[in-house]
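Right, one structure below, let's go through it.
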Amino acid sequence: MTSYLLISSAYRDRLLYPSPSDFIVPFQNTNNSLTTVRSSVLTAVNPLSLYPAYSFCWTNLTSGSLRFRTRITGGSGETMVLSRDDVNTTLLGIGGNEYGVWQELRRSNDLLKSYRVELVADPSQSAYVRSFSPVYSSVTLTERLPFRIGDEIDLVNDTRLSEGRIVLPGSYNGKLFVRNDLVLYDLTTNEKRACALEAVSSILICDSPFSPAARPTDKFLLFAGQRPFLTGSLERFLDGRWYADAALREWRIVEAGRGYLAGERVALARGDDPEARTTCVFRVVGTGVDGEITALERIEAGTDPYRSAAAYRVVPLDRPVDTVSAAHVLVLATSTAFRCRFSEAATITRQDLVGSYLSCSLFSPLFTVHQNRLYTSPNAAYPVPVTGPDLRTMQEAAGVIGIEDVLFLGRNEVVLLTQAVSPALLRRFGLYEPTAALAGALNVAVFPYVTDGVVPLNFTGTYLTQSQMACYEITVLSLILPNVPLDALDTLLTSGYPYVLLEISNVSQPNAHNRNVLYSNNPAAVASTFVCSISDVNDPLRTRFIKITSDGTIQTMKFTPADSLRFRVLLPSGDPLLLSEPDYGPPSVANPALQIEALLQFRKI
Numbered sequence: 004m005t006s007y008l009l010i011s012s013a014y015r016d017r018l019l020y021p022s023p024s025d026f027i028v029p030f031q032n033t034n035n036s037l038t039t040v041r042s043s044v045l046t047a048v049n050p051l052s053l054y055p056a057y058s059f060c061w062t063n064l065t066s067g068s069l070r071f072r073t074r075i076t077g078g079s080g081e082t083m084v085l086s087r088d089d090v091n092t093t094l095l096g097i098g099g100n101e102y103g104v105w106q107e108l109r110r111s112n113d114l115l116k117s118y119r120v121e122l123v124a125d126p127s128q129s130a131y132v133r134s135f136s137p138v139y140s141s142v143t144l145t146e147r148l149p150f151r152i153g154d155e156i157d158l159v160n161d162t163r164l165s166e167g168r169i170v171l172p173g174s175y176n177g178k179l180f181v182r183n184d185l186v187l188y189d190l191t192t193n194e195k196r197a198c199a200l201e202a203v204s205s206i207l208i209c210d211s212p213f214s215p216a217a218r219p220t221d222k223f224l225l226f227a228g229q230r231p232f233l234t235g236s237l238e239r240f241l242d243g244r245w246y247a248d249a250a251l252r253e254w255r256i257v258e259a260g261r262g263y264l265a266g267e268r269v270a271l272a273r274g275d276d277p278e279a280r281t282t283c284v285f286r287v288v289g290t291g292v293d294g295e296i297t298a299l300e301r302i303e304a305g306t307d308p309y310r311s312a313a314a315y316r317v318v319p320l321d322r323p324v325d326t327v328s329a330a331h332v333l334v335l336a337t338s339t340a341f342r343c344r345f346s347e348a349a350t351i352t353r354q355d356l357v358g359s360y361l362s363c364s365l366f367s368p369l370f371t372v373h374q375n376r377l378y379t380s381p382n383a384a385y386p387v388p389v390t391g392p393d394l395r396t397m398q399e400a401a402g403v404i405g406i407e408d409v410l411f412l413g414r415n416e417v418v419l420l421t422q423a424v425s426p427a428l429l430r431r432f433g434l435y436e437p438t439a440a441l442a443g444a445l446n447v448a449v450f451p452y453v454t455d456g457v458v459p460l461n462f463t464g465t466y467l468t469q470s471q472m473a474c475y476e477i478t479v480l481s482l483i484l485p486n487v488p489l490d491a492l493d494t495l496l497t498s499g500y501p502y503v504l505l506e507i508s509n510v511s512q513p514n515a516h517n518r519n520v521l522y523s524n525n526p527a528a529v530a531s532t533f534v535c536s537i538s539d540v541n542d543p544l545r546t547r548f549i550k551i552t553s554d555g556t557i558q559t560m561k562f563t564p565a566d567s568l569r570f571r572v573l574l575p576s577g578d579p580l581l582l583s584e585p586d587y588g589p590p591s592v593a594n595p596a597l598q599i600e601a602l603l604q605f606r607k608i
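Just so we're on the same page, our numbering is the position in the sequence shown counted from 1, plus 3.
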């Protein structure tokens, strides 16, 4: 019987295997009911959530005008070279500017795309920007304009917020938008609008206009898919000093004490001083015959620097301390606490928050710290490439943290207990100044959990009858590779190589690895299973993907359907096929333009 196996790099563990050309596909028997455990951002391996697919902002903060004047310093035909000081520094803030904008060069390609160039001397002469090079400060237009070096031009943003029409500049990843059901979020004014994209004009048409408070210089986030998410802003804690602080998350009663009353309010105290109690308030919800505490319910988070693995006394708040024999609580874990007020009118429940991501704008890629100053970096900040080996590092780079618990202060006012935030991110609150460039920095959004990005190899057959190792004939029906620049010495496109080596090995059985399957004088082919030749590519410089095969080669492998497989693509030199552009990390989906797919045919001998 012939069967088929489709392997996709989009569903690998991107933190463990950042390259789509080298990863292990684990096995999972989908008939096992124990695998259907409810997951969240707190438990998933690569948690995916509703997450911005793109961000943009008209950064003419000097005047807020929809026109920015500069002059032509070179060029010919459809290409204009513009004043670097005007465009790169003043308008875009590449490398930073005095208005608080800091734009990284690597995120600046095509930032002026879809804006309009208009000649000052003859406003009837205009064309749209097709591409922009920040290295040369040059724009390529959709049509030729009659210009001379030294002429002045206006860069025009055709956004009309009062009409719900917003220009979407730059080169976003359109493949993330499977359907044209987009949501545009004005981070500065905390407004959301459903919209559709006119692909030719690159204009977002919203279902209703934004409020009069909205400005073209607001920071906009674009979401693919109309999935609801909560928005709001941070509030200071009751002491009026902090927006975030530590809070008790897990504790255990180690000594029950005596004399406590069910329903009374209590606090924690360390040492013998009864006044040195924490601001975290509990309610006694369970007592024994002699007033022993059997259960505590936290009703106020407090903002205290707890010591882990330290014991605290439980003291009454509404009667003298000496009326009880003190119980003791052991602190097991602490969280970072944020006090938030949500803008949604509907009642918010615990299920809406716990297990989702909190995105505090001040932590997000929209803001960055340079030389002890806080800047805004609003353009092309999303999605975020894989930046670290662990999930916590990736989450902080993406500007999200998991919500572990919630305390309700009112209908839409809560204290969120989140995963611990690094001191470097918390320090941004000390650098925050409410300037025009930093508007919206204290706004928050809650992105709901969608699914786990790591999907194992599923097998729906009878496990017992297939658990014995057997030999299979395997052939590669198709191997689809992205035709992009590679991270190699010659920096060729994928189509620039004559062939690639494909390794498929069984990592579940130590003795089942393939060695010397191919007889070759190329030492790189020792562990390879197939040679897939790259030929007959119609347009090797412009095609996005190339499809190749193993040219009918059939190899014999020993494994069971319950084994985990390693999938690896190598260059003819034996070096890994590494892409110059890094893949996106969670909570975003993988970049569909960089993924590798393989369709294998196998038959049991």
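Note that CB positions come from ideal geometry on N, CA and C, so glycine has one too.
Straight-line measurement puts the Cα of residue 247 at about 45 Å from the Cα of residue 120.
For residue 201, the enclosing beta strand (DSSP E) covers residues 194–201.
With a threshold of 16 other beta carbon atoms within 10 Å, residue 231 falls short and is exposed.
The Cβ atoms of residue 111 and residue 599 lie no closer than 8 Å to each other. Classified as buried, residue 158 has 16 or more neighbouring CB atoms from the shown chains inside 10 Å of its CB.
Annotated three-state conformation of residue 595 is helix, per DSSP.
In the three-state reduction of the DSSP assignment, residue 472 falls in the coil class. Within the same chain, Cβ atoms closer than 7 Å to the Cβ of residue 558 are found at 477, 520, 532 and 533, the five residues on either side in sequence being excluded.
Ranking 146, 503 and 209 by CA distance to the CA of residue 130 puts 146 first. No Cβ-Cβ contact shorter than 8 Å links residue 334 with residue 348. When secondary structure is reduced to three states using DSSP, residue 426 falls in the helix class.
In this structure, DSSP gives residue 30 an extended state, which the three-state scheme calls strand. Under the three-state reduction of DSSP output, residue 157 falls in the strand class. Residue pairing by DSSP places residue 509 opposite 568 in a beta bridge. In the DSSP assignment, residue 397 falls within the alpha helix (DSSP H) that extends over 394–401. It is roughly 14 Å from the alpha-carbon of residue 48 to the alpha-carbon of residue 21. Assignment of residue 320 by DSSP, reduced to helix, strand and coil, places it in the coil class.
Here residue 56 is actually not in contact with residue 213; their C-beta atoms are around 20 Å apart, not less than 8 Å. Secondary structure at residue 583: coil, using DSSP grouped into helix, strand and coil. Taking C-beta atoms under 8 Å as the contact rule, residue 573 and residue 586 fail to qualify, at a distance of about 18 Å. Residue 438 sits exposed, since fewer than 16 C-beta atoms from the chains shown fall within 10 Å of its C-beta.
Judged by their CB atoms, residue 132 and residue 116 are nearer to each other than the 8 Å cut-off.
By a beta-carbon distance limit of 8 Å, residue 173 does not contact residue 95. Their separation comes to about 11 Å. Partner residues in the beta bridge of residue 371, as assigned by DSSP, are 378.
Excluding residues up to 5 positions away in sequence, nothing lies with its Cβ nearer than 6 Å to the Cβ of residue 539 in the same chain. Per DSSP, residue 432 lies in no beta strand (DSSP E); the unbroken alpha helix (DSSP H) holding it starts and ends at 431–434.
Spanning the alpha carbons of residue 504 and residue 175 requires a straight line of approximately 32 Å. If the five residues before and after residue 569 are omitted, its C-beta is found closer than 6 Å to the C-beta atoms of 27, 508 and 510, all from its own chain and listed in chain order.
In terms of Cβ geometry, residue 482 and residue 489 do not form a close pair [threshold 8 Å]. Residue 368 places its beta carbon 8 Å or farther from that of residue 18. The Cβ-Cβ distance between residue 309 and residue 337 falls below 8 Å. If you compare the alpha carbons of 411, 421 and 102 with that of residue 398, the shortest gap goes to 421.
Taking C-alpha positions only, residue 46 is separated from residue 454 by approximately 11 Å. As computed with DSSP, residue 4 is found in no beta bridge at all. With contacts defined by Cβ atoms closer than 8 Å, residue 58 and residue 223 form a contacting pair.
Exposure of residue 9 is indicated by the presence of fewer than 16 other C-beta atoms within 10 angstroms of its C-beta.
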